[in-house]
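Counting in the working numbering, the sequence shown runs from 3 upward without gaps.
In this text, a Cβ means the ideal position worked out from N, Cα and C, and glycines have one as well.
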Amino acid sequence: MLAMKNMRIHLSLFTLLFPLISNAQPLLYVPTGNTNDVVIIDINTDKIVGRIAELENAHGLSSSHQTEYLVAGSMQAPDTKKGKAAKPAQMSEAEHAAHHAGAGEKAGASSTQSYVSIIHAKRKHVMRRIAVRALTHHTAVSADGKTAIAVHSGAGGISVIDLDKMAVVKTLQTGMWPNYAAFTSDGNFLYISNAGAGMVSEIDTRTWQITREIAVGKEPEHMVISADNKFLYVANKADGSVSVVDLAAGKATKTWSVGKKVHGIDLSDDGRWLFVASKGTDTLSRINLSNGKITTVDLPPAPYHVAFISGLNKLYVSSRKEPKIRVLNAQTLQVENEIDLGKGVAHQMVIRLDK
Numbered sequence: 003m004l005a006m007k008n009m010r011i012h013l014s015l016f017t018l019l020f021p022l023i024s025n026a027q028p029l030l031y032v033p034t035g036n037t038n039d040v041v042i043i044d045i046n047t048d049k050i051v052g053r054i055a056e057l058e059n060a061h062g063l064s065s066s067h068q069t070e071y072l073v074a075g076s077m078q079a080p081d082t083k084k085g086k087a088a089k090p091a092q093m094s095e096a097e098h099a100a101h102h103a104g105a106g107e108k109a110g111a112s113s114t115q116s117y118v119s120i121i122h123a124k125r126k127h128v129m130r131r132i133a134v135r136a137l138t139h140h141t142a143v144s145a146d147g148k149t150a151i152a153v154h155s156g157a158g159g160i161s162v163i164d165l166d167k168m169a170v171v172k173t174l175q176t177g178m179w180p181n182y183a184a185f186t187s188d189g190n191f192l193y194i195s196n197a198g199a200g201m202v203s204e205i206d207t208r209t210w211q212i213t214r215e216i217a218v219g220k221e222p223e224h225m226v227i228s229a230d231n232k233f234l235y236v237a238n239k240a241d242g243s244v245s246v247v248d249l250a251a252g253k254a255t256k257t258w259s260v261g262k263k264v265h266g267i268d269l270s271d272d273g274r275w276l277f278v279a280s281k282g283t284d285t286l287s288r289i290n291l292s293n294g295k296i297t298t299v300d301l302p303p304a305p306y307h308v309a310f311i312s313g314l315n316k317l318y319v320s321s322r323k324e325p326k327i328r329v330l331n332a333q334t335l336q337v338e339n340e341i342d343l344g345k346g347v348a349h350q351m352v353i354r355l356d357k
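Next comes the structure, spelled out in structure tokens:
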């Protein structure tokens, strides 16, 4: 896809929780875009153990260990002839009609309206669809599992979703072409990358006001926040760089050049390494954050999203051009396994402990 991303499980959480939950297993959830499903992968075996259907061109997926839900965005406008979201198979007609009554009017009933799908992770089905005002690229869920964010790249801005109420409670306009969202671990601040503005918007979630606009590189997209909330790492697509933002100072203090069309980015759980995929140069870079040393390996074709697997020294890297995920040893950067998805493209990957 925190957003991976992508969402990372820190080593302390993984090692403390896993022995206590004998009937749980670490699972990777992977949205596949226009093939309209989420692939479930057993992290211990690197095997596909299930699929969740009924998604609508989901690129964005996020979650938190404090919630039982996964939140999937949609890059697909609903059928305007039908004028409403498709009913999840597990929901009755009456419940669906009641939940979506007036949804078209609330969202503006435009061709860019979409729905965010709320997935019950353990039951493996879509349980709700929530109308939002525009197509949703990426999503994010706060660490306490109470708030979800839908990022609307085309229309601009974000929708704030209360996961207890299962409803949009606020919309907020940020900079041009917003792309990615990342919460601090305490949930007090939210960061939105604005690809069209070369800026990151800082939002105080206690007031939902934009507090700072932070200049970074050209076309900032994916981001990841350090575990101590001190630094924000931003992948800048157009100039092939990573900006290091000192969050106390509110400015970028360092920039690394890594490749062309940088995309996925993630941190190791100990904060030692930063991993960055550059799909334009078919490379993966590992940055040693203590000394700035960059190690780069070839990883064709088009390395895309990145997810570090805490406690197992694994790195998952998807491909923009092929339906597969490469499994790398994070220490050696050697490919040790490959997961064939069969179809689609692996987008914002999420790690959870589930039955």
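query, result
"If you drop the 5 nearest sequence neighbours on each side, which residues of the same chain put their C-beta closer than 7 Å to that of A199?", "G177, M178"
"Give a yes or no on contact between the stretch 227–241 and the stretch 207–215, applying the rule of three or more CB pairs nearer than 8 Å.", "no"
"Please give me, in chain order, every unbroken run of the beta strand (DSSP E) with length at least 3 that falls completely inside the stretch 191–274.", "191–196, 201–206, 211–217, 222–227, 233–238, 243–248, 253–259, 264–269"
"For K220, tell me which candidate among F233, S195, S228, W210 has the shortest Cα-Cα distance.", "S195"
"Applying the criterion that 16 or more other CB atoms from any shown protein chain within 10 Å of the CB defines a buried residue, is E340 buried or exposed?", "exposed"
"Do the stretch 308–327 and the stretch 250–257 make contact, defined as three or more Cβ pairs closer than 8 Å?", "no"
"Rounded to the nearest angstrom, what separates G344 and E338 at their Cα positions?", "19 Å"
"What would DSSP say about A105, mapped onto helix, strand or coil?", "At A105, the pLDDT of 41 sits below 50, so the modelled position is not reliable; the number obtained from the coordinates is stated separately. A105: helix per DSSP, three-state reduction."
"By how many angstroms is the C-alpha of G35 removed from the C-alpha of M351?", "12 Å"
"In the DSSP assignment, the beta strand (DSSP E) including V347 goes from what residue to what residue?", "Counting along the chain, V347 falls outside any beta strand (DSSP E), and DSSP gives it neither H nor E."
"Looking only at its own chain, which residues have a Cβ that is under 7 Å from the Cβ of I132, when we skip the five neighbours before and after it?", "Y117, V118, I120, I163, M168, A169, V170"
"Spatial neighbours of D356 within its chain, please: CB distance less than 8 Å, with the 5 preceding and 5 following residues excluded, ordered by chain position.", "A26, Q27, L29, A123, K124"
"So within the stretch 308–333, which uninterrupted beta strand (DSSP E) runs reach at least 3 residues, ignoring any that extend past its ends?", "316–321, 326–331"
"DSSP state of A157, grouped into three classes?", "coil"
"Hey, out of Y318, D146, G346, whose CA is closest to F185's CA?", "D146"
"So S144 and G189 are in contact, right, with Cβ under 8 Å, and what is the actual spacing, rounded?", "4 Å"
"Which of helix, strand or coil does DSSP assign to L286?", "strand"
"Kindly list the residues whose CB is nearer than 7 Å to the CB of K262, restricted to its own chain and excluding five residues on each side of it in sequence; keep chain order.", "G242, S280, G282, T283"
"Of all the options V299, D44, D342, which has the alpha carbon lying nearest to the alpha carbon of E324?", "D342"
"Assuming the contact rule is C-beta atoms closer than 8 Å, V202 and I267 should be a hit. Round their C-beta distance to whole Å, please.", "Actually they are not in contact, since the Cβ atoms of V202 and I267 sit about 13 Å apart, beyond 8 Å."
"Looking at the structure shown, is R53 part of a helix, part of a strand, or coil, going by DSSP?", "strand"
"CA-CA distance, W358 and L269?", "What the structure shows of the chain is the stretch from 3 to 357, and residue 358 is not part of that stretch, so it cannot be assessed."
"I23 by DSSP, collapsed to three states: which one?", "Note that I23 scores 39 on pLDDT, short of 50, meaning its location in the model is unreliable and no value can be drawn from it."
"So what does Y71 bridge to, in DSSP terms?", "H122"
"Looking only at its chain, what residues have a beta carbon closer than 7 Å to the beta carbon of V41, apart from the 5 residues adjacent to it on each side?", "V32, T34, I50, R53, L343"
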